[in-house]
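A.B. asks: From first to last, the protein sequence lines stand for chains A and B.
Following the working numbering, the numbering of the first sequence begins with 18 at its first residue and continues without gaps.
Following the working numbering, the numbering of the second sequence begins with 74 at its first residue and continues without gaps.
Where is the CB? At the ideal position from N, CA and C, for every residue including glycine.
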Amino acid sequence: MAEVILNNVSKAFGQDTALDGVSMTIPDGAFVVLLGPTGAGKTTTLRLISGLEKPDTGDILIGGRSVVNDTPAQRDVAMVFQQYSLYPHLTVHENLAFPLKSPILRTPEDEIARKVAEVAEVLQISHKLNNKATELSGGEMQRVSIGRALVRDPSIYLMDEPLSSLDAKLRSDLRVELKRIQAGLGATLLYVTHDQIEAMTMATHVGVLDQGRLVQFGTPREIYENPVSLYVASRLGLPRINTLPVALFGDAPAGAATIGLRPEHIAQGQGRDSTVTRVEHLGDQTRLHLSLEQHDIVTLTDVHTTLRPGDTVAIAPRNPLYFDTNGTRIA
Amino acid sequence: MTDNPIERAATATPPRLARRIKGLSDRAIAWIFVAPTIFLLLAVNIFPLIWTINLSFTNFRANRPNREVDYVGLRNYERILTDSDIWLTMQATAHFLFWTIFFQVLIGFTLAWLINRKFKGNDLWTTIIVLPMMLSPAVVGNFWTFLYQPQIGLFNYVVSFFTGVDPSSFEMIGSVNLAPWSIVIVDTWMWTPFVMLICLAGLRSIPDYIYEAAAIDRASRWRQFWTITVPMVLPFLMLAVLFRGIENFKMFDLVVQLTGGGPGSVTELTSINLKREAFEKWRTGYASAYAIILFVTVFGLASVYVKALNKVKER
């Protein structure tokens, strides 16, 4: 396991800039989640660290050593691809054993068998070890490709939306399992997702990418509570942050154009009157959809609320975030 | 009126026809549809085969249709299998088959592998390489006689350019030792592109991300080639070998144009030999037995091979 440092890394594909001067330190043993919409440069970052792509400019260090001219093999990284990149003509066992059979490692046969069995157990695919890779369901294939990374002990694990193709139950199981494995091994892990629950629950650090630029890097709490911009603020949080014109409530710092209100940052029973448009009972929480001067607002309320559409609720901001016209946070 | 297409078809059927097919079961209708194909197959495939088997036990001669035909039992088969000349043509065929397939697979796969590295202009190269395949075998056989010409032939000139041997000191077609190789060279020149195309299809069917995963798994280029490329292209390659094997077992036009089976009979492949027996010497019964022996041989070899092919595919 090792610390990984990106130093002002840029990469373009023809006319398209995929990464634009990204600097980031992935501490040894950290679980770093990269967030961002499609095309923000998340996958490119993984491919640059793995050595499948070379950066146009900038430096990448693994364990203090510059690796930009190294092959993927020399970098000793493990990667889980977004699509199931299994070897289709091999069995599950052979797929899992493949990285261990590298001549660099010279792993003895019984050691290989033990590791494969162990990983298969964790990922619940032990009963499929003798199946061919093509005879698996999508979820099973993805578990095998996660397993193919986990059998190794690399300097860093790179995972590109590994859970996105799994069903909800398996996804939440594996989320816990992955976090447990990572913590147990003390592994350094860089994880790409656009699922904010994965980001909040697993990450020690979150990096937010916007069109090839790293706009904020910090703990999940920092990113959630102290976003640098409206863009970052809307990456995390469900229901999403409400963005309203600042004039709606008044009393704002100079230069503020937008007020950002997380659902839990709205006090009820005081302030301005709004109309209830919809009440969603989710069981563990109840979402209240409100309308104030044609603006839709989502907030949370008591699980056993008696409010109904058409009712009136007074609301006021509590710990709001203020952004200027460019979406930059000013308070 | 109804919108159901089946009911619409039913109402559109003329009443007379409708009455006639009303009593037919689904099975009977199925037979009606399949019947023309079955009839054609029987007429042009099965019947001639059975008739040939029948003829192979006789001394029938097609150029003397009025002569009395005697059944001679297994004598035709006995004569063929003990004829040393026929064993020589079998040897010539085996030599031709083995070496053409060997070179075509070797060169074809190498070319495919080179073309598959994405370089500029590889489409143009593919087209150029594939050109020989588009020519008529008779034309190819004919113009290679000029290329092999000792005094003015390009082939002899190129060989002499690289080796320093006098170009008129050897004759590819005229020499007993070289003639079997001359037909191997021409067939390889003409059909390697075919093997290349099939191998290329196989190589292109391997997605890039598998190689990327292998690179991350620290498999060397050499190991990637043997554990990914070769196993995944093998079914395609075996298919190419099957096609070339069947084609070359019945090779006729190209070799007839090129060497005419000579010198002597060193390039007289079985199909050429068979044609001579049947349509030059008019020994129809004898040639029928010959054809049956070849049929059984090819059929037997091909079925064993297809079984192996299926096994490879299932892996």
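(1) By DSSP, does A/Lys149 sit in helix, in strand, or in coil?
(2) Note down, in chain order, all residues in the stretch 280-302 of chain B with a beta-carbon under 9 Å from any beta-carbon belonging to chain A.
(3) Which residues in the same chain have their Cβ closer than 7 Å to the Cβ of A/Leu255, if we skip the five residues on either side of it in sequence?
(4) For A/Gln100 and B/Ser376, what's the separation of their Cα atoms in angstroms?
(5) When the Cα atoms are used, what is the spatial distance from A/Leu183 to A/Leu52?
(6) Using a beta-carbon distance cut-off of less than 8 Å, what residues from the stretch 59-89 of chain A approach chain B?
(7) Identify the residues that DSSP records as bridge partners of A/Gly31: which are they?
(8) I'd like the list of long-range same chain contacts for A/Ser162, defined as Cβ closer than 7 Å, with 5 residues on each side in sequence excluded.
(9) Under the rule that 16 or more other beta-carbon atoms within 10 Å means buried, what is A/Leu247, buried or exposed?
(10) Look at the alpha carbon of B/Ser241 and the alpha carbon of B/Ser233, and state the distance between them as a whole number of angstroms.
(11) Which value, in whole angstroms, describes the spacing of the CA atoms of B/Thr199 and B/Ile271?
(12) By how many angstroms is the C-alpha of A/Ala90 removed from the C-alpha of A/Leu117?
(13) So what's A/Asn343 in DSSP terms, helix, strand or just coil?
(14) Does the stretch 124-136 of chain A come close enough to the stretch 75-83 of chain A that 3 or more CB-CB pairs lie under 8 Å?
(15) For B/Val212 and B/Leu327, what's the separation of their Cα atoms in angstroms?
(16) Skipping 5 residues on each side, what residues in its chain have a beta carbon closer than 7 Å to that of B/Ile289?
(17) Measure from the alpha carbon of A/Asp127 to the alpha carbon of each residue in A/Pro262, A/Ala114, A/Thr316 and A/Ile22, then state which is nearest.
(18) With 7 Å as the limit, tell me which residues of the stretch 304-334 of chain B have their beta carbon closer than that to any beta carbon of chain A; keep them in chain order.
(19) For a cutoff of 8 Å on Cβ pairs, would you count A/Tyr104 as touching chain B?
(20) Measuring straight from C-alpha to C-alpha, what distance separates B/Trp264 and B/Phe169?
(21) In the DSSP output, which residue or residues are listed as bridge partners for A/Val230?
(22) Rounded to whole angstroms, what's the CA-CA distance from A/Val230 to A/Thr62? Just pull it up for me.
(23) Quick one, which of B/Glu353, B/Thr183, B/Gly214 and B/Val369 has its alpha-carbon nearest B/Ile258's?
(24) So the alpha helix (DSSP H) B/Ile158 belongs to, where does it begin and stop?
(25) Starting from A/Gln199, follow the alpha helix (DSSP H) in both directions and report where the run begins and ends.
(26) According to DSSP, is B/Phe133 helix, strand or coil?
C.D. replies: This is what the structure holds:
(1) strand
(2) Pro280, Tyr282, Ile283, Glu285, Ala286, Ala287, Ala288, Ile289, Asp290, Arg291, Ala292, Ser293, Arg296, Thr300 and Ile301
(3) Gln213
(4) 38 Å
(5) 19 Å
(6) Ser67, Gly68, Leu69, Thr88 and Pro89
(7) In DSSP, A/Gly31 forms no bridge with anything.
(8) Val97, Phe98, Tyr101, Ser102 and Leu103
(9) buried
(10) 9 Å
(11) 12 Å
(12) 12 Å
(13) coil
(14) no
(15) 8 Å
(16) none
(17) A/Ala114
(18) Pro304 and Met305
(19) yes
(20) 13 Å
(21) It should be noted that the sequence gives Arg, not Val, for residue 230 of chain A. DSSP output for A/Arg230 lists A/Asp227 as bridge partner(s).
(22) The residue asked about is misnamed: residue 230 of chain A is Arg in this sequence, not Val. Those two C-alpha atoms are separated by around 11 Å.
(23) B/Gly214
(24) The displayed chain sequence assigns Asp, not Ile, to residue 158 of chain B. Note, B/Asp158: alpha helix (DSSP H), Ser157 to Asn189.
(25) Ala185 to Leu202
(26) coil
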